[in-house]
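For reference, the structure discussed in these notes is given below.
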Amino acid sequence: MCRNSRGYEMAKRFNSKLTHLSPVWYDLNSDRNGLVLEGRHNADSQWISDLRKKGNALIIPRVVLETIPMELLGKKKNWNRAIDLIVTECKEMEYDGIVLDSWSRWVAYGVLHDPEMRSMAKLQRRR
-3 MCRNSRGYEM AKRFNSKLTH LSPVWYDLNS DRNGLVLEGR HNADSQWISD LRKKGNALII
57 PRVVLETIPM ELLGKKKNWN RAIDLIVTEC KEMEYDGIVL DSWSRWVAYG VLHDPEMRSM
117 AKLQRRR
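Rendered as structure tokens:
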């Protein structure tokens, strides 16, 4: 499924001029069973293959942290699980890395205004 066909085509067309491409494919959510990384069905393996044949841009998909910040920041087990999920996906899909998008969600939950939460976020970033 292609959400932004123009973006895909522009990436192919200007691939030789780009260093990084960050498609918006993944969300890290939580459900009653724990954390889950959703979005592999959005990943376009053929598009990635085409890009790699004609250029050197790194493929670093965006992972949006949709889970409640305290579930992630306040529980080391959950943070480690999130890292495992993301690293496994990168290896299996042969990505060059990821872009971790957390701030929009964290702003909504007041993470940036709460000194304790902000401190936890900084600590996790250093790991």
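Numbering (the working numbering), first residue to last: -3 to 123. Ideal Cβ positions, reconstructed from N, Cα and C, are used throughout, including at glycine. Keep in mind that this is a model prediction, so the values were computed, not measured.
Rounded C-alpha distance that separates residue i from residue j
i          : j           : result
residue 8  : residue 110 : 43 angstroms
residue 20 : residue 46  : 18 angstroms
residue 32 : residue 112 : 26 angstroms
residue 68 : residue 75  : 5 angstroms
residue 80 : residue 22  : 15 angstroms
residue 72 : residue 1   : 39 angstroms
Residues near residue i in its chain [Cβ-Cβ closer than 6 angstroms; skip 5 each side]
i           : result
residue 58  : 18, 20, 95, 97
residue 106 : none
Cβ separation of residue i and residue j, assumed to be a contact under 8 angstroms, to the nearest whole Å
i          : j          : result
residue 53 : residue 15 : 6 angstroms
residue 77 : residue 3  : Contact doesn't hold; Cβ gap of about 31 angstroms is too wide.
residue 36 : residue 85 : 7 angstroms
Best match in the options for proximity to residue i [C-alpha to C-alpha]
i           : options       : result
residue 63  : 2, 34, 108    : 34
residue 101 : 82, 1, 60, 70 : 60
residue 41  : 3, 93, 55     : 55
Residues near residue i in its chain [Cβ-Cβ closer than 8 angstroms; skip 5 each side]
i          : result
residue 50 : 8, 11, 12
Cβ shell of residue i (< 7 angstroms), same chain only, five flanking positions each side left out
i           : result
residue 115 : none
Exercise for review: With a floor of 4 residues, list each alpha helix (DSSP H) that falls wholly inside the region 54 to 91, ordered by position along the chain.
Suggested key: 65 to 69, 72 to 89
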